[in-house]
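K.L.:
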Amino acid sequence: MIDRLSIRTRPPGWPVMYQTWDKLLFLHWPVAAERLRPLIAPRLSLDAFEGQAWVSVSPFTMWGIRPVLLPPLPVVSQSHELNVRTYVHCDGVPGVWFFSLDASNTLAVLGARVALGLPYFRAHMRLQEEHAGIQ
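In this note's numbering, the protein residues as written are 565 to 699.
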């Protein structure tokens, strides 16, 4: 049994980068675990809730994206992003498996693919706020 609400400690070592998130939305759909199992690394186990695995689509905006010890640079330090993901465990430690990470910032996409090996893709996105809503 894994306690999803226990306090997590910060991993050892220095952070790789800093970023601020805003306008974040989490949408979740239950999916049969046997449908997701072939799509994630064999070493990981799927995190199930009420007998179902879950797929999440999460759009958000980031700014202040920067490596440690460097200031954020105008234009290249902001991006809209959309993640498609599921929840996993590795040796009892909860984590996230990303199926796709789509971002509006070309440099952020290239940097994340090359430096971190993440499945980032360039996408054309924009955020439009009107009254109390976001489009």
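Note that the Cβ used here is the ideal one computed from N, Cα and C, for glycine as well.
Counting Cβ pairs, one atom from each stretch, are 3 or more of them under 8 Å apart for the segment 598-606 and the segment 627-642?
P.N.:
No, because fewer than three Cβ pairs between the segment 598-606 and the segment 627-642 fall closer than 8 Å, the two stretches do not touch.
K.L.:
Do you know offhand how far leucine 634's Cα is from tryptophan 661's?
P.N.:
Looking at the two C-alpha atoms, the distance is approximately 28 Å.
K.L.:
Suppose only complete runs of 3+ residues qualify. What are the beta strand (DSSP E) ranges in the segment 623-659, listed by chain order?
P.N.:
642-654, all fully within the segment 623-659.
K.L.:
Span of the beta strand (DSSP E) holding arginine 686?
P.N.:
Run containing arginine 686: 684-686, per the beta strand (DSSP E) assignment.
K.L.:
Reducing DSSP to helix, strand and coil, say where threonine 573 ends up.
P.N.:
Threonine 573 falls in the coil class under three-state DSSP.
K.L.:
Who are leucine 608's beta bridge partners in DSSP?
P.N.:
The partner list for leucine 608 (beta bridge, DSSP) is empty, contrary to what the question assumes.
K.L.:
Look at the alpha carbon of glutamine 692 and the alpha carbon of glutamine 616, and state the distance between them as a whole number of angstroms.
P.N.:
So the alpha carbons of these two residues sit roughly 34 Å apart.
K.L.:
Identify the continuous alpha helix (DSSP H) that holds leucine 600 and give its terminal residues.
P.N.:
Unbroken alpha helix (DSSP H) run through leucine 600: 597-600.
K.L.:
Evaluate the contact criterion for the segment 669-678 versus the segment 648-655: three or more CB pairs, one atom per stretch, below 8 Å.
P.N.:
Output reads no: the segment 648-655 does not touch the segment 669-678.
K.L.:
Between Trp593, Trp618, Asp586, which has its C-alpha nearest arginine 601's C-alpha?
P.N.:
Of the listed residues, the one whose Cα sits closest to arginine 601 is Trp618.
K.L.:
Put alanine 696 into one of helix, strand or coil per three-state DSSP.
P.N.:
Alanine 696 falls in the coil class under three-state DSSP.
K.L.:
Using only CA atoms, which one of Thr584, Ala687, Leu680 lies nearest to glycine 628?
P.N.:
The option with the nearest alpha carbon to glycine 628 is Thr584.
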